[in-house]
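Enquirer:
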Amino acid sequence: MKYKLKKELKTVFDAPAPARKEEFINLLEYPKANRLDFFISQIGYIRKRVWILSLLLFIGTLIGLYFSGASYSFVWVVSSVLPFVSLVTISEIARSITYNMDELEMSCKYNLLEVSLIRIGILGVVNLAVFIGILLLLSGKTDLGFIRLGIYLSTPYLLNCYGSLFVINRSKSRDTVYICGSVTALVSILNSLISIRIYDIYTERNRMFWAIAFIMFAVLSLKEIVKFIKRMEDLKWNSSLTA
Amino acid sequence: MELVIDRLSKHYKNKIAVDRVSLTLKEGVYGLLGANGSGKTTLMRMICGVLKPTSGEVKFNGIDVSEEKFRDLLGYLPQDFGYYPEFTAYDFLLYLSSLKGLTRQRAKDRTSELLKLVGLSDVAKKKIKSFSGGMKQRLGIAQALLNNPKILVLDEPTAGLDPNERVRFRNLISRLGKDRIVLLSTHIVSDVEYIASTILLMKNGQIIHKGPLEEIIRPIEGKVFECLVDCNTAEYLIANYPIINVREEKDKTFLRLVAEKAPCKEAKAVTAVLEDLYLYYFNKEANKSEQLYGIN
Numbered sequence: 045m046k047y048k049l050k051k052e053l054k055t056v057f058d059a060p061a062p063a064r065k066e067e068f069i070n071l072l073e074y075p076k077a078n079r080l081d082f083f084i085s086q087i088g089y090i091r092k093r094v095w096i097l098s099l100l101l102f103i104g105t106l107i108g109l110y111f112s113g114a115s116y117s118f119v120w121v122v123s124s125v126l127p128f129v130s131l132v133t134i135s136e137i138a139r140s141i142t143y144n145m146d147e148l149e150m151s152c153k154y155n156l157l158e159v160s161l162i163r164i165g166i167l168g169v170v171n172l173a174v175f176i177g178i179l180l181l182l183s184g185k186t187d188l189g190f191i192r193l194g195i196y197l198s199t200p201y202l203l204n205c206y207g208s209l210f211v212i213n214r215s216k217s218r219d220t221v222y223i224c225g226s227v228t229a230l231v232s233i234l235n236s237l238i239s240i241r242i243y244d245i246y247t248e249r250n251r252m253f254w255a256i257a258f259i260m261f262a263v264l265s266l267k268e269i270v271k272f273i274k275r276m277e278d279l280k281w282n283s284s285l286t287a
Numbered sequence: 346m347e348l349v350i351d352r353l354s355k356h357y358k359n360k361i362a363v364d365r366v367s368l369t370l371k372e373g374v375y376g377l378l379g380a381n382g383s384g385k386t387t388l389m390r391m392i393c394g395v396l397k398p399t400s401g402e403v404k405f406n407g408i409d410v411s412e413e414k415f416r417d418l419l420g421y422l423p424q425d426f427g428y429y430p431e432f433t434a435y436d437f438l439l440y441l442s443s444l445k446g447l448t449r450q451r452a453k454d455r456t457s458e459l460l461k462l463v464g465l466s467d468v469a470k471k472k473i474k475s476f477s478g479g480m481k482q483r484l485g486i487a488q489a490l491l492n493n494p495k496i497l498v499l500d501e502p503t504a505g506l507d508p509n510e511r512v513r514f515r516n517l518i519s520r521l522g523k524d525r526i527v528l529l530s531t532h533i534v535s536d537v538e539y540i541a542s543t544i545l546l547m548k549n550g551q552i553i554h555k556g557p558l559e560e561i562i563r564p565i566e567g568k569v570f571e572c573l574v575d576c577n578t579a580e581y582l583i584a585n586y587p588i589i590n591v592r593e594e595k596d597k598t599f600l601r602l603v604a605e606k607a608p609c610k611e612a613k614a615v616t617a618v619l620e621d622l623y624l625y626y627f628n629k630e631a632n633k634s635e636q637l638y639g640i641n
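Protein sequences appear in the order of chains V and Y.
Counting in the working numbering, the first sequence runs from 45 upward without gaps.
Counting in the working numbering, the second sequence runs from 346 upward without gaps.
Structure follows, in structure tokens:
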């Protein structure tokens, strides 16, 4: 009976419009995403080209090894391609500035600095995984040791990291990624030329040259990364932006 | 709810962009008016923690501007913002939701709500690069509201909006100002006049006037005159009084100007509006730019 009455009442009277609905909704505290959720969400925003290039390089190495075997010339080909992986990585890290999203991202709860650090972290791990994968594939096929091979492959990569970050940290232009592209091409060509011209570049004789170059570019790259992070902490605006 | 700005300054090498600004803002809409280069954007950037002040501090209910907690309560629309080229309007809002700490489900719900609110539901899946200036601006307004902010800072929010969109936006801001602090800057004086409960007039990095409309226009109340005069009188008046409006009418010239007392026998006192005050204060700048563009 009661149920019937309720039903009847509903058909006779219209329910009143909600009063102060918006104010009430504003009072509600919605659950917030934690740092882990934020980290995971950022993986999805890494552009496909980073994954594709990394995968292509890995597959390319596999195919190259299958058809031509591991030789010194194969080492310089791989080491000349690796700077392009670092270019894609760096352009990904610097894309907030490239696309003028920096100011918006700086004002968010998880701000530009955190976004940049997460990008550096994710892409660093991806690069390292690709690098170790290639190293493992090659080291078993050459008489070069694991460490020596690692140094030969990573030195041009580190040189490009340093060069590109040097440009990004000093340039105020939003087109720095094109300058970085030129730096990468230069590093790649230079590496190829050195490897072709100096026939004994990968021999024991040049061990010191490689060791010094590796340490120097690693330290310089690290310094530039620290500088980049500091720049994200306190982005310096030029006075033309103060209108 | 209190946003305290205490002796906030920003110095560049040879320029003082913001000079010891102190304000206490409570719930309501605050309209920041000033000419180009007066320091509005610099002030807003410092309030949002995007730009480090040379000195001074900004605190909301005791929370410093540099803290994550502060940013969690903030919604900001910069004067000029970009977007990642592959983003649709929907992606853009979802991305910023993740940066604002919204859960995936809440982000989806809020994105749909806000796209509807700003009239972009139909184009939610379209790339932003295909959007007009007004559509981009509406998207910018939507992103500022994603986290239901307690402090909403909008730098030139009505730029690029057509008159209908501006009216809709004004109504939205008026509603939002009931239970939060809304600070907006604009060149469009009427926007401020309609929606701001408090007007802040900024010049040379300082707040030179602050208060509700009635209070702020008091200095020129009874000092605004309109007249229709011949060419010679017009020339004399233009040279000697702050001019608000000039209009050529057949063989005469219509003038609206500010003067202590009637500047000529044809002059009639009229009710002062905010635009009169704005133009009165920024007359020098206006004249400078007129000279620059060869208007005089």
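Beta carbons: idealized from backbone N, C-alpha and C, even for Gly.
Everything numeric in this text was worked out from a predicted model, so none of it was measured.
Measure from the alpha carbon of residue 620/Y to the alpha carbon of each residue in 435/Y, 544/Y, 605/Y, 599/Y, then state which is nearest.
Expert: For the residues 435/Y, 544/Y, 605/Y, 599/Y, the minimum Cα distance to residue 620/Y belongs to 544/Y.
Enquirer: From residue 365/Y to residue 377/Y, what distance separates their C-alpha atoms?
Expert: 16 angstroms
Enquirer: To the nearest angstrom, how far is the alpha carbon of residue 100/V from that of residue 234/V?
Expert: 23 angstroms
Enquirer: Going by the beta-carbon positions, is the gap between residue 600/Y and residue 582/Y smaller than 8 angstroms?
Expert: yes
Enquirer: With H, G and I counted as helix, E and B as strand and the rest as coil, what does DSSP make of residue 400/Y?
Expert: strand
Enquirer: Using 8 angstroms as the limit for Cβ to Cβ distance, is residue 416/Y near chain V?
Expert: Contact with chain V is found for residue 416/Y, since one of that chain's Cβ atoms lies less than 8 angstroms from the residue's Cβ.
Enquirer: Just to confirm, is the Cβ distance from residue 131/V to residue 225/V under 8 angstroms?
Expert: yes
Enquirer: Within a Cβ cutoff of 7 angstroms, which residues of the same chain sit near residue 554/Y, ignoring the five residues on either side of it in sequence?
Expert: 546, 561
Enquirer: What residues are listed by DSSP as bridge partners for residue 472/Y?
Expert: 433/Y, per the DSSP bridge assignment.
Enquirer: With DSSP collapsed to three states, give me the class of residue 146/V.
Expert: helix
Enquirer: Using C-beta distances below 8 angstroms, list every residue in its chain close to residue 556/Y, excluding the 5 sequence neighbours before and after it, in chain order.
Expert: 543, 544
Enquirer: Looking at residue 460/Y and residue 439/Y, is the spacing between their C-beta atoms short of 8 angstroms?
Expert: no
Enquirer: Suppose the cutoff is 8 angstroms on Cβ atoms and the five residues either side in sequence are ignored; what does the same chain contact list for residue 409/Y look like?
Expert: By the criterion of a C-beta distance shorter than 8 angstroms, residue 409/Y is surrounded in its chain by 402, 403, 415, once the five residues flanking it on both sides are discounted.
Enquirer: What do you get for residue 52/V, buried or exposed, if any count of 16 or more other CB atoms within 10 angstroms of its CB means buried?
Expert: Burial call: exposed.
Enquirer: Rounded to the nearest angstrom, what separates residue 95/V and residue 175/V at their Cα positions?
Expert: Using only the alpha carbons, I get a separation of about 13 angstroms.
Enquirer: Kindly list, in the order they appear in chain Y, the residues whose Cβ is closer than 7 angstroms to that of residue 30/V.
Expert: With chain V covering 45 to 287 only, the question about residue 30/V has no answer from this structure.
Enquirer: Are there three or more Cβ pairs, one per stretch, closer than 8 angstroms when the segment 152-171 of chain V is compared with the segment 228-243 of chain V?
Expert: Too few Cβ pairs lie closer than 8 angstroms, so no.
Enquirer: How long is the line joining the alpha carbons of residue 154/V and residue 413/Y, rounded to whole angstroms?
Expert: 7 angstroms
Enquirer: What are the residues of the segment 372-406 of chain Y that lie near chain V, defined by any Cβ-Cβ distance shorter than 9 angstroms?
Expert: 381, 382, 383, 384, 385, 386, 387, 390, 393, 394, 395, 396, 397
Enquirer: Can you find a C-beta in chain Y that's less than 8 angstroms from the C-beta of residue 82/V?
Expert: Answer yes: the Cβ-Cβ gap between residue 82/V and chain Y drops below 8 angstroms somewhere.
Enquirer: Grouping DSSP H, G and I as helix and E and B as strand, with all else coil, what is residue 503/Y?
Expert: coil
Enquirer: Helix, strand or coil for residue 268/V? Go by DSSP, reduced to three states.
Expert: helix
Enquirer: Rounded to whole angstroms, how far is the Cβ of residue 494/Y from the Cβ of residue 449/Y, which I believe are closer than 8 angstroms?
Expert: No, residue 494/Y and residue 449/Y are not in contact; Cβ-Cβ is about 20 angstroms, not under 8 angstroms.
Enquirer: Looking at C-alpha atoms only, which residue of 537/Y, 479/Y, 496/Y, 491/Y is the closest neighbour of residue 509/Y?
Expert: 479/Y
Enquirer: Indicate whether at least one CB of chain Y lies closer than 8 angstroms to the CB of residue 53/V.
Expert: no
Enquirer: 8 angstroms is my cut-off, CB to CB: does residue 63/V come that close to chain Y?
Expert: It does not: the Cβ of residue 63/V has no partner Cβ on chain Y nearer than 8 angstroms.
Enquirer: Which of the three DSSP states is assigned to residue 536/Y in this structure?
Expert: helix
Enquirer: Would the beta-carbon of residue 147/V fall within 8 angstroms of that of residue 426/Y?
Expert: yes
Enquirer: Closest to residue 85/V by C-alpha separation, out of 382/Y, 443/Y, 603/Y, 605/Y, would be which residue?
Expert: 443/Y
Enquirer: So residue 413/Y contacts chain V; which residues on that side make the cut at Cβ distance below 7 angstroms?
Expert: 153
Enquirer: Between residue 356/Y and residue 205/V, what straight-line distance do the alpha-carbon atoms span, to the nearest angstrom?
Expert: 34 angstroms
Enquirer: Can you name the start and end residues of the alpha helix (DSSP H) that residue 83/V belongs to?
Expert: 79-87
Enquirer: For the structure I just gave you, are there three or more beta carbon pairs, one from the segment 574-593 of chain Y and one from the segment 601-611 of chain Y, closer than 8 angstroms?
Expert: yes
Enquirer: Compare the C-beta of residue 627/Y with all C-beta atoms of chain V and state if any pair is closer than 8 angstroms.
Expert: no
Enquirer: Between the segment 464-480 of chain Y and the segment 429-438 of chain Y, are three or more C-beta pairs nearer than 8 angstroms?
Expert: yes
Enquirer: Below 8 angstroms on the Cβ atoms is my guess for residue 594/Y versus residue 622/Y; work out the distance and round it to an integer in Å.
Expert: In fact, because the Cβ distance is near 25 angstroms, the residues do not count as touching under 8 angstroms.
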